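Colleague: Heads up, the sequence shown stops at 265 in numbering that gives the first Met the number 0, and the numbers go up one at a time, no gaps. Heads up, the beta-carbon is just placed ideally off N, CA and C, and yes, glycines get one too. Computed from a predicted model, the values in this text were never measured in an experiment.
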Amino acid sequence: MLNNKRLFLFDIDGTIAVDNTLYDGSFELINYIDSIGGKSVYVTNNSTKSVADYIEKFSRWNIKTDESNFMTASSAACRYLKENFGEKKIFACATKSFVEEMKNSGLNVTESEEEGIRCVIVGFDNELTYDKAALTCKILQTRDVKYVATNPDLCCPVSFGAVPDCGAICKLIECAVGRTPLFVGKPNRLIVDECVKNSSFSYGETIVVGDRLYTDIACGINAGVETAVVFTGECKEKDLEKTEFPPTYAFSNIREFFDAVKSGNC
Ligand SMILES: [Mg+2]
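1. What does A175 pair with, by DSSP beta-bridge criteria?
2. Which ranges does the beta strand (DSSP E) cover as unbroken runs of at least 3 residues, wholly within the segment 203 to 239, from first to last along the chain?
3. Taking its Cβ as the centre, do 16 or more other Cβ atoms sit within 10 Å of E159, making it buried, or is it exposed?
4. For Y22 and T205, I'd like the C-alpha separation in whole angstroms.
5. Could you check if D124 belongs to the surroundings of ligand 1, using beta carbon to heavy atom distance under 7 Å?
6. For L134 and I172, what's the separation of their Cα atoms in angstroms?
7. Report whether the distance from the Cβ of R211 to the nearest heavy atom of ligand 1 is below 7 Å.
8. Got a sec, what are the start and stop residues for the beta strand (DSSP E) S39 sits in?
9. Secondary structure at L6, three-state DSSP: helix, strand or coil?
10. So does the segment 110 to 120 actually touch the segment 49 to 69, counting three or more Cβ pairs closer than 8 Å?
11. Taking C-beta to C-beta, are I32 and F7 nearer than 8 Å?
12. CB R254 to CB G24, shorter than 8 Å?
13. Just to confirm, is the Cβ distance from V208 to I168 under 8 Å?
14. Please determine, among V162, C118, T179, the residue with the shortest C-alpha to C-alpha distance to L127.
15. Grab me the residues of L106's own chain with a C-beta within less than 7 Å of its C-beta, minus the 5 sequence neighbours each way, in chain order.
16. If you follow the alpha helix (DSSP H) that T135 is part of, which residue opens it and which one closes it?
17. Are the beta-carbon atoms of G13 and E233 separated by less than 8 Å?
18. Can you tell me where the alpha helix (DSSP H) holding K185 begins and where it ends?
19. Since M70 and C194 are thought to touch, with beta carbons under 8 Å apart, how far apart are those beta carbons, to the nearest angstrom?
20. Can you list, in chain order, the stretches of the beta strand (DSSP E) that have 3 or more residues and sit fully within the segment 45 to 91?
21. When the Cα atoms are used, what is the spatial distance from G223 to A259?
22. S49 and F9 - do their beta-carbons sit closer together than 8 Å?
23. Put D33 into one of helix, strand or coil per three-state DSSP.
24. Please list the terminal residues of the continuous alpha helix (DSSP H) segment that includes F97.
25. Please confirm whether any heavy atom of ligand 1 lies closer than 7 Å to the CB of G232.
26. CB of D33 to nearest heavy atom of ligand 1: below 7 Å?
27. Under the three-state reduction of DSSP, which class applies to V266: helix, strand or coil?
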């Protein structure tokens, strides 16, 4: 049932926007959700940007947001690392922006080979160099460290197609060290649990909307909430025939989803 939904957990890339372009219908949908007393939270596995970067990006689309509107894999990773490693030293293979976000969260982060490292965190590092990848492999093989990563996505959609995401960087590392990380981002249900906990809405009033079955839709399924897929990103209609993560609803694009939410016909 779509007409009782108030907490909308939107994926960004391939769902409401691609690169710097907002999809047709996204703006109206977001305003409509505000008008019915609902809340939009943008849940993204893209860890190249911090929450501050996203607030700035959305303001360029004339969408006013604050920290409570974002649940990024990087912010979820910060919380997870804080809870599990406290003041302990963490080696980061991540963008400058994410490293800054971790430091601002009070984490003891290093990007060099220091004594006392207890954990390795890998993000969607679009500033990755071979030296950094090699150092990450060295630390994973020579130190007694836990291994955590932001998100399992293999690629990230961009205007010309796709580029390697965090999951692909982890595969690269896995080829050398034979280890796989714990992924904190979608499809880990922690993401949905955190969003519901921070809101005044129930799981029944919550829906996850995304373009990728094995992260977005799986995340909603893992958390026991309804899900909607849109076919403007990775998932195409034919993929629904053989998926282990069937969404509750499917739409061609976010405009169609908006029409369905507004009419309450689902
Ligand atoms: Mg996406």
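Modeller: The structure says:
1. For the purposes of this step, residue 175 is taken as residue 176 along the sequence shown, with counting starting at 1. According to DSSP, which records beta bridges pairwise, A175 is partnered with nothing at all.
2. 205 to 209, 225 to 229
3. In the sequence shown, counting from the first residue as 1, residue 159 sits at position 160. The displayed chain sequence assigns Phe, not Glu, to residue 159. The residue is exposed, with fewer than 16 neighbouring Cβ atoms inside 10 Å.
4. Taking the sequence shown and counting its residues from 1, the one referred to as residue 22 is at position 23. Taking the sequence shown and counting its residues from 1, the one referred to as residue 205 is at position 206. Distance between the alpha carbons of Y22 and T205 is about 22 Å.
5. In the sequence shown, residue 124 corresponds to position 125, counting from 1. Not under cutoff, so the answer is no.
6. Here residue 134 corresponds to residue number 135 of the sequence shown, with the count starting at 1. Here residue 172 corresponds to residue number 173 of the sequence shown, with the count starting at 1. Their backbone Cα atoms lie some 10 Å apart in a straight line.
7. For this step, residue 211 is matched to residue 212 along the sequence shown. Under cutoff, so the answer is yes.
8. Position 40 of the sequence shown, counting from 1, holds the residue named residue 39. It spans 38 to 43 - the beta strand (DSSP E) in which S39 sits, taken as one unbroken run.
9. Translated into the one-based positions of the sequence shown, residue 6 becomes position 7. Correct three-state label for L6: strand.
10. no
11. Here the question's residue 32 lines up with position 33 in the sequence shown. Here the question's residue 7 lines up with position 8 in the sequence shown. Contact flag set, yes.
12. The residue given as residue 254 occupies position 255 in the sequence shown. The residue given as residue 24 occupies position 25 in the sequence shown. In this structure, G24 lies closer than 8 Å to R254 by Cβ.
13. What you label residue 208 is simply residue 209 of the sequence shown in a count that begins at 1. What you label residue 168 is simply residue 169 of the sequence shown in a count that begins at 1. For V208 and I168, no; Cβs fall outside 8 Å.
14. Reading the sequence shown from its first residue, position 128 is the one you call residue 127. Residue V162 is the option with its Cα nearest to L127.
15. Working through the sequence shown from its first residue, we reach residue 106 at position 107. Closer than 7 Å at the Cβ level, and outside the excluded window around L106, lie C77, L80, K81, I89.
16. One-based indexing of the sequence shown puts residue 135 at position 136. Start and end: 129 to 141.
17. Counted from its first residue, the sequence shown places residue 13 at position 14. Counted from its first residue, the sequence shown places residue 233 at position 234. Yes, the Cβ-Cβ distance between G13 and E233 is below 8 Å.
18. Locating residue 185 in the sequence shown gives position 186, where the first residue counts as 1. Neither: K185 is in no alpha helix (DSSP H) and is coded neither H nor E.
19. Walking along the sequence shown from the start, residue 70 turns up at place 71. Walking along the sequence shown from the start, residue 194 turns up at place 195. M70 to C194, Cβ: 5 Å. Contact.
20. 69 to 71
21. Your numbering for residue 223 matches position 224 in the sequence shown. Your numbering for residue 259 matches position 260 in the sequence shown. About 21 Å.
22. Here residue 9 refers to the residue found at position 10 when the sequence shown is read from its first residue. Here residue 49 refers to the residue found at position 50 when the sequence shown is read from its first residue. Not in contact: F9 and S49 (Cβ atoms no closer than 8 Å).
23. Within the sequence shown, the letter at position 34 stands for residue 33. Note: D33 maps to helix in three-state DSSP.
24. As a working note, residue 97 is residue 98 in the sequence shown. Looking at the DSSP string, the run of the alpha helix (DSSP H) that includes F97 is 95 to 103.
25. Against the sequence shown, residue 232 aligns to sequence position 233. Indeed, a heavy atom of ligand 1 lies less than 7 Å from the Cβ.
26. The sequence position of residue 33 within the sequence shown is 34, counting from 1. Not under cutoff, so the answer is no.
27. Missing from the structure shown is residue 266; the chain here goes from 0 to 265 and no further.
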